[in-house]
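For the sequence shown, counting from 1, position 92 maps to 92 in UniProt numbering; every step adds exactly one. In this text, a Cβ means the ideal position worked out from N, Cα and C, and glycines have one as well. Here the structure comes first, spelled out in structure tokens, and everything after it is commentary.
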Amino acid sequence: MSLDARRVARIDFTATDLARTRRFYEALGFTAASGPTPVDGAELALLGRPDARAERLSMRLGAQEVSFLRFDPPGRPYPEGSTATDLWFQHIAIAVSDMAQAHARALAAGALPITRGGPQTLPANTGGVTAFKFRDPDGHPLELLFFPEGVGAPAWRARDVASPFLGIDHTALAVGDAGRVRHFFEGLGLTVGDATHNEGIEQERLDDVPGDRCRVVPMQTPDAPPHVELLGYETGTRRPMPPGTGPDDVWSTRTWIEVASLSGDGLTRAASLPNGVRAALIHDPDGHAIVLMENGGLA
């Protein structure tokens with residue numbers, strides 16, 4: 001497959017309670033863009049649940065968008081005992097202007113910490129960012145990122161702003177073989193950035209994984225942020241995607257990527273969505289769901 005990716009258009013999570021989800025993410029600086037509204041049957045069919053019903057809450061932080069789908073009937077909850085190394089792990093990383101303030105607000109909102117000992121400043125050879133990982137009420141992992149001067153996208157260099165939450169820098173996927181998954185995303189038109197090999201006590205505390213070693217491979221689009229990051233863990237549980245994972249399962253996360261065209265690429269599940277945009281569902285080698293949409297708009 002060879003495509004021409006333009007941008008990561010949005011990230012879709014599956015949620016169980018949209019009112020609770022809205023309150024939590026509003027405390028992290030997100031604003032409701034639309035919804036809850038019914039999800040069209042064409043999209044449900046595309047996702048493989050034509051007989052289900054679902055509603056969507058769309059939220060924005062800066063220029064980036066996430067949405068939350070609640071299915072009826074619901075799927076399975078987020079697996080207990082999940083770690084950052086399990087291959088169903090996918091988080092969004094939120095750039096912040098003030099880590100202390102953002103960390104305090106996340107905890108006050110009910111964030112469930114993953115990171116031990118509060119925010120961790122990683123070594124300079126891995127970017128020198130300060131990071132903190134946590135979970136929302138459904139168990140979805142998130143991360144706060146504070147970039148030092150001269151590091152990160154220009155959009156995150158604002159410091160004197162009303163809210164410490166600036167926008168979504170990337171979504172990161174735990175992968176079994178970073179080289180194989182990199183090749184998959186290159187086929188979609190993403191390009192490889194500078195990879196790092198993260199290890200040490202700060203990395204162990206960040207992920208709460210003893211002996212943590214992780215190869216981080218950024219995959220860029222022309223219009224980043226957000227971009228995609230591949231997390232190739234060398235230690236930890238590293239369990240595969242649960243069998244039969246569907247869009248109604250709470251750990252299921254969908255990355256919507258806008259491409260120039262879907263024509264001629266043999267995408268058998270391509271469908272026309274209500275706004276006339278053509279889309280197709282595919283999966284990376286580890287089972288993470290990707291929705292490709294033709295240049296021209298969002299579903």
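Looking at the structure shown, is Trp256 part of a helix, part of a strand, or coil, going by DSSP?
-> Here Trp256 sits in strand by DSSP.
Consult DSSP for Thr196 and reduce its assignment to one of helix, strand or coil.
-> strand
Which word fits Ile11, buried or exposed, when buried means at least 16 other C-beta atoms lie within 10 angstroms of its C-beta?
-> buried
Proximity below 8 angstroms, CB of Gly117 to CB of Arg205 = yes
Would Leu18 pass as a contact of Pro36 if the rule is Cβ separation under 8 angstroms?
-> Yes; because the gap between Cβ atoms is below 8 angstroms, this pair is in contact.
Nearest CA to the CA of Val277: which residue from Val216, Arg20 and Ile257?
-> Ile257
Could you pull the start and end residues of the beta strand (DSSP E) that Val8 belongs to?
-> Ala5 to Thr14
Which listed residue (Leu173, Leu61 and Phe24) has its alpha carbon closest to that of Leu112 | Phe24
Quick one: what's Val96 bridged to in DSSP?
-> Phe165
Where in the UniProt domain "VOC" (7–147) do unbroken runs of the alpha helix (DSSP H), each at least 4 residues long, occur, reported from the N-terminal end onward?
-> Whole alpha helix (DSSP H) segments, 4+ residues: 18–27, 41–47 and 99–109.
How would you call Ile201, buried or exposed, if buried means at least 16 neighbouring beta carbons within 10 angstroms?
-> exposed
Which residue's Cα is closest to the Cα of Gly152: Asp177, Gly48 and Pro218?
-> Pro218
Tell me which same chain residues have a C-beta within less than 7 angstroms of the C-beta of Leu47, skipping the five on either side of it?
-> Pro247 and Leu281
Element boundaries [beta strand (DSSP E), containing His227] | Looking at the DSSP string, the run of the beta strand (DSSP E) that includes His227 is His227 to Tyr233.
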